[in-house]
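Enquirer: Once you've had a glance at the structure underneath, I'll fire off some questions.
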């Protein structure tokens, strides 16, 4: 289901998702596949939209992203 929010940027963690994904040499597809092991189903295209701040991120998704990327949830909110 699409999440519609009236803000230009729909998340504040997109830059860090990309940063940590690249530091771990993961493609967007590989990140998507690893999230599935946590029962979080985010397709490659949605990973791209998260990184571009065009898709919201739920708390469950954020927790799984942090675990897959081996960082804390707090690290996901760090400003660059």
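Residue numbers (our numbering): -6 to 73. Note that CB positions come from ideal geometry on N, CA and C, so glycine has one too. Just so you know, these numbers come straight off a predicted model, no measurement behind them.
#1: Does the Cβ of residue 21 have 16 or more other Cβ atoms within 10 Å, making it buried, or fewer, making it exposed?
#2: Which of the three DSSP states, helix, strand or coil, is assigned to residue 3?
#3: What whole-angstrom Cβ distance do residue 9 and residue 68 have, given they're in contact under 8 angstroms?
#4: Give a yes or no on whether the C-beta atoms belonging to residue 13 and residue 62 are separated by under 7 angstroms.
#5: Nearest-angstrom Cα distance between residue 36 and residue 24?
#6: With respect to the alpha helix (DSSP H) encompassing residue 63, which residues constitute its N-terminal and C-terminal limits?
#7: For residue 91, which of 70, 59, 71 has the nearest alpha-carbon?
Expert: This is what the structure holds:
#1: Buried, because 16 or more other Cβ atoms sit within 10 Å of the Cβ of residue 21.
#2: In the three-state scheme derived from DSSP, where H, G and I count as helix and E and B as strand, residue 3 is classed as coil.
#3: Right, the Cβ-Cβ distance comes to about 7 angstroms (below 8 angstroms), so this counts as a contact.
#4: Yes, these two residues count as a Cβ contact at 7 angstroms.
#5: The straight-line gap from Cα to Cα measures roughly 9 angstroms.
#6: That residue, residue 63, is in no alpha helix (DSSP H); it is neither H nor E in DSSP.
#7: Since the first and last residues shown for the chain are -6 and 73, residue 91 lies out of range.
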